[in-house]
Amino acid sequence: MCIRDRYQQSLKSLEAKLAVLEESRNVAERKHEDALREWGARERSLSEKGIACEAELEQARAELHAMKEELQATRLSLEKTRSDLALKEDVVQKLESENSELQSFLKYKRELSNDQLQSIIEDHDHEKDQWMGQKMDLEKKLESKDQMCRGLQMELNKARYDYQRLAELLQSNVSKAIYNCFAENSYIGSA
C-alpha cells in the first residue's frame, strides 16, 4: 500500500468520524428541541415545573459532558493522525536519500502531504469552533435553566410562606370568632 493510499484511508477515517460526530450533534440538538417542547407542555404546578426543570438540566449537563468527550476523542484522533503523518514524512525523507532519481516525485508527495495536513488542521479548527459554539450555547441554556429553577423555587417558597401566614391568620380569626361567640353567649345567659 503506497503512502497516498494510507493518507486517503486516514482522511476517509477522519471524515467518517466527523460524520458520526455531526450526526451525534444533530441528535443532541433534536433531543434538546424535544425537551424544550416537552417543557412548554408541562405547566401543571410549581412543584412539577421544578422537577421537570431539574431533569432537563441534568440531561443538558449529560449532553454537554458527552460532547466534551467526543471533542476530546476527536483531538486525540487528530494528534494520532499528525503523528502518523510525521512518521510518513520521515519515510519519504529516507527514500529521498536512498534514491536520487525519485527526488521530484518525493517532493511532490511531501507537498501533497503538507496540503492534506493543512486541510485536516483547518477542518479540525472549524470543527473545534463549532463545538465551542455549541458548548457556549449549552452553557447559556444551562444558566437559563438554573435561573428558571431558582425562580420557581423562590415562587414555591413564597407560596408556602403565604399559605403558612394565611393558615395562622385563619386560625387566629377562628379563635377570635369562637371567643366572641362564647363571650356573647355568656353575656346573653347572664342577662
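Just so you know, this note's numbering puts 108 at position 96 of the sequence shown, and the rest follows in order with no gaps.
Where is the CB? At the ideal position from N, CA and C, for every residue including glycine.
Query: Would K119 pass as a contact of I15 if the rule is Cβ separation under 7 Å?; Result: no
Query: So the candidates are E45, S187, S89, Q20; which of them puts its Cα closest to the Cα of Q71?; Result: E45
Query: Excluding the five sequence neighbours on either side, which residues of its own chain have a C-beta within less than 7 Å of the C-beta of A47, listed in chain order?; Result: E68, Q71
Query: Apart from the five residues just before and just after L97, which ones in its own chain have a Cβ nearer than 7 Å to its Cβ?; Result: S125, L129
Query: Once DSSP output is grouped into helix, strand and coil, what is the label at C161?; Result: helix
Query: Return the Cβ separation of K24 and S89 in integer angstroms, given the expectation that the two are a contact with Cβ distance under 8 Å.; Result: Not a contact, Cβ separation roughly 13 Å.
Query: Please say whether L83 and L150 have beta carbons closer to each other than 7 Å?; Result: no
Query: Verify whether the separation of the beta carbon atoms of T86 and S22 is less than 7 Å.; Result: no
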